[in-house]
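These notes concern the structure reproduced below.
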Amino acid sequence: MASVLQLSDVSVVREGNHILDSVNWTVEDNERWVILGPNGAGKTTLLQLASAMIHPTAGIVKILDSTLGRTDVFELRPRIGFASTAMARRFPATERVLDGVLTAAYAVAGRWNQAYEDFDVRRAQRGLAEWKLDDPEER
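Take the sequence shown: its position 63, counting from 1, is numbered 76 in our numbering, and each next residue is one higher.
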């Protein structure tokens with residue numbers, strides 16, 4: 014496999030502000046990285062690019078051999094693991110923990126009116142049991 018993540022001369026500009034400017038970064042399989050920096054340094058923006066949540070203003074982002082802008086991100090996102098406290102805002106207030114785990118398998122935030130197969134429910138319940146969460150359906 015090629016690089017897991019490759020950013021080539023990537024910039025993100027919002028309202029005239031360069032959040033990221035000409036960033037080059039490669040993550041190879043089995044590498045672990047820590048991203049440190051002060052508030053406003055672009056850490057969240059970098060992770061949003063890496064998780065295919067946003068596109069760059071300029072440059073090339075390749076994730077798992079797929080180039081952003083040339084691939085269906087809805088097919089790519091289920092192959093990416095991403096969790097953040099900011100994700101909580103994307104879920105309805107009535108969402109249960111089980112629903113959150115169910116939807117994560119499809120890179121969707123919030124169950125809304127989606128119906129899932131018994132296989133999906135059992136898989137989510139096994140994961141919650143493995144993580145030792147008590148009564149997840151009620152939270």
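For each residue, glycine too, the CB sits at the ideal point set by N, CA and C.
* Asked: CB-CB under 6 Å to Q19, same chain, minus the five flanking residues each way: which ones, in chain order?
  -> Excluding residues within five positions, the ones whose Cβ falls inside 6 Å are T39, K75.
* **Rounded straight-line distance, which links the Cα of I67 to that of Q61** => Using only the alpha carbons, I get a separation of about 6 Å.
* Around the Cβ of A101, are there at least 16 other Cβ atoms within 10 angstroms (buried) or fewer (exposed)? -> Exposed is the label assigned to A101, since fewer than 16 other Cβ atoms lie within 10 Å of its Cβ.
* Exposed or buried, what is A106 when buried is set at 16 or more other beta-carbons lying within 10 Å of its beta-carbon? -> Result: exposed.
* **Residues that DSSP places opposite I73 in a beta bridge** => I73 is bridged by DSSP to S21.
* **Where T7 sits in the DSSP three-state scheme** => With the chain covering only 14 through 152, there is no way to say anything about residue 7.
* To do: State yes or no: is the C-beta of G123 within less than 8 Å of the C-beta of E143?
  => By the CB criterion at 8 Å, G123 and E143 fall outside the cutoff.
* To do: Kindly list the residues whose CB is nearer than 7 Å to the CB of V114, restricted to its own chain and excluding five residues on each side of it in sequence; keep chain order.
  => If you ignore the 5 residues before and after V114, its C-beta comes within less than 7 Å of the C-beta of A137, G140, L141, all in its own chain and listed in chain order.
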